[in-house]
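Down below is the structure, laid out as structure tokens.
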RNA sequence: GGCCCCUUAGUCUAGUGGUUAGGACGUCGGCCUCUCACGUCGAAGACAUGGGUUCAAGUCCCGUAGGGGUCACCA
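In the working numbering, the protein residues as written are 1 to 472.
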């Protein structure tokens, strides 16, 4: 029996978890869960200038919100830790030493400044810059400040079979003796990540396809280390509407921003999964369903544009599947955040029931239905059109009727509105619209009987009176 | 610029040599209806391009164009 796969997600804590990272994490997690493998979380914090503890916490938070738990990593531990690169420095250094001893790597004493000069020269001559191998044969003097470079072949090519992109070939003459360890002993990305993947026994590396060009040199490093290379899966990029790499100027890119806007984690996961992955004509997938179906072989090769409109739709279809209780519970914090005093009570349940068909996320819900919890904002156009002298007797009739009603059952309200209309030879709409404007401030709302019931008798009367004052 | 990758409607995609090129979001229209929404019915809309291979090409090969990625003591 072959070993269960080990996968990882290795973010840099230099900012929140963004959409692209979340999808990478998701795909790794899905495959681990589907295969009964292991999902490792590792923090690549070697960029000390930009890494922060806050970003780290935000990433954990976002991952957990999405429902992606990790089997090994920060806060849960595991047999291959530590899971922070800055705590693994000796490991990288030991491996670098070993490579030097074996002649597969060497110390380079060139300064950054010296190399910059060469780089500029090459640029001026329109030549491709490549480290010339100056220190290749120099003896190892660890007392002198140095970086460690790995020897790369100059001829031939490395070919590997990408799980999503198929065979990819990289000619060796495009490679150079790359720095693997900085002067301060901190590894560079290509080396640190690789040593971690080796020591953490990662067998499948799925990451953004901006890393395809790193893959050949990494495979060469695996060979130098005498370690088996993992399988690679390069995921297509996620782009903004202008087909440029998704970034802040395209709008919110952090997954927690979508939480704040009232998206369901299920929906975000669902939409993210469909960006680059598909299963026939299906669109709606629960996390459980994705675990059952996900496969790297069904991931597409082309970059995908992030479409907020479709994610809204996905969210809406998920919201409509929630029970009134679940929806109400979910909505409370969003109303509260908007300064509206709501409680998870019968009224909220009713609001949420009529809102679920109309609002595609909780932010929209609060925005559209604040009038159930706050004074109306009267739309001037609606006022001009419906709060007219002709409407006055209708409003009065409804006011009197509601005041006289013993209960606000739909049947009684229906009877009341019909009588008010028919006794004057009018259609029901002629009554409903002015009342709607009086009660909600606008011309679009849930059914008028629902509105009356949610508002209750006192508030309905109050708002009707307010409108009546405006007509006269 | 070198190298690598990509290319089915506005967007996400199905498609694995023979289909009226399917689905979804969005758009437009009808129905439903107290408004809005939901629902429902329907419509418009795509194989970047030029050559091959083949009886047959969205599907295979080559070129072109366009897009993206990458070329650091960042990750």
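The beta carbon of each residue, even a glycine, is placed where N, CA and C say it ideally should be.
Around the CB of residue 178, 16 or more other CB atoms lie within 10 Å, so the residue is classed as buried.
For residue 343, the three-state secondary structure derived from DSSP is coil. The DSSP-derived three-state label of residue 202 is coil. According to the DSSP assignment, residue 269 belongs to no beta strand (DSSP E) but to the alpha helix (DSSP H) extending over 265-274. Exclusion of the five residues before and after residue 295 leaves no residue of its chain whose Cβ lies closer than 7 Å to its Cβ. With the rule of 3 Cβ pairs closer than 8 Å, the stretch 390-409 does not count as touching the stretch 280-298.
Under the three-state reduction of DSSP output, residue 150 falls in the strand class. For residue 161, the enclosing beta strand (DSSP E) begins and ends at 157-162.
Straight across, the Cα-Cα distance linking residue 425 with residue 251 is about 52 Å. As DSSP reads the structure, residue 169 sits in a beta bridge with 159. Straight-line spacing of the CA atoms in residue 32 and residue 7 works out to 6 Å.
Nearest to residue 164 by C-alpha distance, out of 39, 260, 232, 368, is 232.
Taking each of 61, 151, 261, 66 in turn and checking the Cα distance to residue 331, the smallest one comes out for 261. Checking the DSSP bridge columns, you'll see residue 110 has no partner listed. Annotation for residue 233: the continuous beta strand (DSSP E) segment containing it runs 231-235. Residue 6 is bridged by DSSP to 38. Take residue 29, set aside five residues on each side of it, and the residues of its chain with a beta-carbon closer than 7 Å to its own are 39, 68, in chain order. Distances from the CA of residue 394 to each of 422, 150, 139 were compared; the closest alpha carbon is that of 422. For the beta strand (DSSP E) assignment, the uninterrupted runs of no fewer than 3 residues enclosed by the stretch 37-78 are, from N- to C-terminal side, 38-41.
Between residue 337 and the set 448, 362, 247, the nearest pair of CA atoms involves 362.
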